[in-house]
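**Q**
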Amino acid sequence: MSGPDGMVVIALLSVFLSAMLATRLAIAYGLRRQLIDLPGGRRLHRQPTVRGAGVGAVVVLLLGLLVTSQLRPEDSIRLMTLVTALGMVAAVGWWDDHRPLAARWRLLVHLGAVVLLLSPLMGAASWLVWLSFLVALIWLINAYNFIDGSDAFAAGHAVWIAGCSAVAAALQGAALVSVVAALVSLCSAGFLYFNWPPARAFLGDVASGTLGLALGAVILLSWERASLDPLLPMLLISGVVLDATLTLISRMVSGRRWYAAHRSHLYQWLLRSGWAPARVLSVYLGWSMLAGLGIWLVPAVASYRLLIAGAMLAIGSILWVWARQRILRRTRQGLRQ
């Protein structure tokens, strides 16, 4: 293989290997600094695990975006706002991994990062659209942080969601979306090698929130450029978002401290009931595949695609309620015996 295709393959492989190397260095740093999460509490892993090792993949991602901004001068300003926003989320997460930070300060930085990322939309989109993206992106940052408690779960989702989005964008000629999504997928894959069960490292706040915003940026750029239907990445990530959202609603309705740390997401209940991490991941990715195919195969008619997207979200919500009730019922029966 030679010419442009060969250069692309070399570039992709370089990103992946760089993320692996950076993660290995981050693990060594975490061990020296004793950034170790012990089993117990809301943590579901069974052995001491380095936290915050996702910083290596984040550094490679940011460097990759910076290089892309130089190679694509027409998109340099947009890419620099993305790099800055991701850097802000990574920085506050890095601090929190080393020294716990009050939630209000994290939220303030997240808000600033999202406002910066959305700044090009001011005046170009309605306030309703702008506010919708504001809420959605902040929620994605935090929702992705919630799923960094199971081996391969967060990184595996990022590899799949961003990878599928990159391929779909490339097929439709959406070069910028494809490059950004490919960088997210490859950097996540480099980290996933060390996060596969039994995990040697977790993303930590420095990387989980950053990946959440990066995946949200793929959706945002898809909408901005109108070259890739944003419903595709939205449905690919719908399993994670539905679990986080419905769990939050459930806790609020039941009068629990919804803002406190917990382990009552559906994926956590599945792990607690004895499911292996790889099995949990495969079920969620199976849903992601089904939802993504559902929207990909529908004709490019907006009304049809919105109908399919709404139907998939409704089905996903019903399945979430059914699965959670079934697990809770089995748990109660086990306690009575």
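In the working numbering, the protein residues as written are 3 to 339.
We treat Cβ as the ideally placed atom computed from N, Cα and C, and that holds for glycine.
#1: Would you report the Cα separation of E226 and S266, rounded to the nearest angstrom?
#2: What separation, rounded to the nearest whole angstrom, lies between the Cα atoms of M90 and L120?
#3: Under three-state DSSP, which class holds V52?
#4: Taking the CB atoms as reference points, tell me whether S187 and A157 lie closer together than 8 Å.
#5: For D39, write down the residues that DSSP places opposite it in a beta bridge.
#6: State the Cα-Cα distance for the pair Y31 and V69, rounded to the nearest angstrom.
#7: Between which two residues does the alpha helix (DSSP H) carrying A269 extend?
#8: What is the rounded straight-line gap between the Cα of M236 and the Cα of I221?
#9: Ignore the nearest five residues each way along the sequence and tell me which others in F155's own chain have a CB closer than 8 Å to its CB.
#10: What does the Cβ neighbour count give for A262, buried or exposed, with the cut at 16 atoms within 10 Å?
#11: Excluding the five sequence neighbours on either side, which residues of its own chain have a C-beta within less than 6 Å of the C-beta of L40, listed in chain order?
#12: Give the C-beta separation of D99 and G192 to the nearest angstrom, bearing in mind that I take them to be a contact with Cβ-Cβ under 8 Å.
#13: State the Cα-Cα distance for the pair N144 and R35, rounded to the nearest angstrom.
#14: Could you name each continuous alpha helix (DSSP H) segment of 4 residues or more that falls completely within the stretch 97-144, going from the start of the chain to the end?
#15: Give the DSSP-derived three-state secondary structure of A278 in the structure shown.
#16: Out of W271, A316, M291 and P102, point me to the one whose CA is closest to T333's CA.
#17: Tell me which residue opens and which closes the alpha helix (DSSP H) that V69 is part of.
#18: Going by the CB atoms, is the gap between G318 and W289 shorter than 8 Å?
#19: Beta-carbon separation of I79 and V116 under 8 Å?
#20: What are the partner residues of A203, as DSSP defines its beta bridges?
#21: Might you give, ordered along the chain, the residues of its own chain that have their beta carbon closer than 8 Å to the beta carbon of Q72, omitting 5 neighbours on each side?
#22: Which residue marks the beginning of the alpha helix (DSSP H) containing A184, and which one marks its end?
#23: Quick one: residues in its chain with C-beta nearer than 6 Å to the C-beta of L94, no 5 flanking neighbours on either side, listed in chain order?
#24: Thinking C-alpha only, which one of M314, R259, H264 and L142 is nearest T212?
#25: How should V60 be labelled, buried or exposed, when 16 other C-beta atoms within 10 angstroms of its C-beta is the threshold for buried?
#26: Can you list, in chain order, the residues of its chain with a C-beta nearer than 8 Å to that of L64? Leave out the 5 residues immediately preceding and following it.
#27: Quick one: complete alpha helix (DSSP H) runs, 4+ long, within the stretch 205-271?
#28: With C-beta atoms as the reference, is Y195 less than 8 Å away from M22?
#29: By DSSP, does I149 sit in helix, in strand, or in coil?
#30: Using a 10 Å radius around the Cβ and a threshold of 16 neighbouring Cβ atoms, would you call M9 buried or exposed?
#31: My output table needs one value for A313: the three-state DSSP class, helix, strand or coil.
#32: In this structure, how does DSSP classify A154 when only helix, strand and coil are distinguished?
#33: Go through its chain and collect everything with a Cβ distance to A293's Cβ below 6 Å, but skip five positions before and after it.
#34: How many Å lie between L15 and A184 at the Cα?
**A** A quick look at the data gives this:
#1: When rounded, the distance between both Cα atoms is 35 Å.
#2: Spanning the two alpha carbons is a distance of roughly 14 Å.
#3: DSSP places V52 in the strand class (E or B) of the three-state scheme.
#4: The beta carbons of S187 and A157 sit no closer together than 8 Å.
#5: Bridge pairing for D39: T51 [DSSP].
#6: When only Cα atoms are considered, Y31 and V69 end up about 26 Å apart.
#7: Checking the sequence, you will find Tyr at residue 269 rather than Ala. That run of the alpha helix (DSSP H) goes L268 to R274.
#8: Rounded to whole angstroms, M236 to I221 spans 7 Å at the Cα level.
#9: Cβ neighbours of F155 beyond the five flanking positions: I149, Y269, P279, V282, L283 and Y286.
#10: Counting Cβ neighbours within 10 Å, A262 comes out exposed, since fewer than 16 surround it.
#11: Contacts found: P50.
#12: No, D99 and G192 are not in contact; Cβ-Cβ is about 19 Å, not under 8 Å.
#13: Whole-angstrom Cα-Cα distance: 25 Å.
#14: Listed in chain order, they are 105-120.
#15: Note: A278 maps to coil in three-state DSSP.
#16: Of the listed residues, the one whose Cα sits closest to T333 is W271.
#17: Its alpha helix (DSSP H) spans residues V57 to L73.
#18: Going by C-beta atoms, W289 is nearer than 8 Å to G318.
#19: Contact flag unset, no.
#20: Answer is V52, bridged to A203.
#21: Closer than 8 Å at Cβ, skipping near neighbours: S78.
#22: Annotation: the continuous alpha helix (DSSP H) that includes A184 extends over A177 to N197.
#23: Looking at the sequence provided, one finds Val at residue 94 rather than Leu. So the qualifying residues of the chain are R108 and V111.
#24: Nearest option by C-alpha distance: L142.
#25: Result: buried.
#26: Taken in chain order, the residues that qualify are V85, L88, G89 and A92.
#27: As far as the stretch 205-271 is concerned, its whole alpha helix (DSSP H) runs of at least 4 residues are 207-227, 233-238 and 240-255.
#28: Yes. Within cutoff.
#29: In the three-state reduction of the DSSP assignment, I149 falls in the coil class, being assigned neither a helical nor a strand state.
#30: Classified as exposed, M9 has fewer than 16 neighbouring CB atoms from the shown chains inside 10 Å of its CB.
#31: Assignment of A313 by DSSP, reduced to helix, strand and coil, places it in the helix class.
#32: In the three-state DSSP reduction, A154 falls in the coil class, being neither helix nor strand.
#33: The residues are L237, S240 and M314.
#34: Distance between the alpha carbons of L15 and A184 is about 11 Å.
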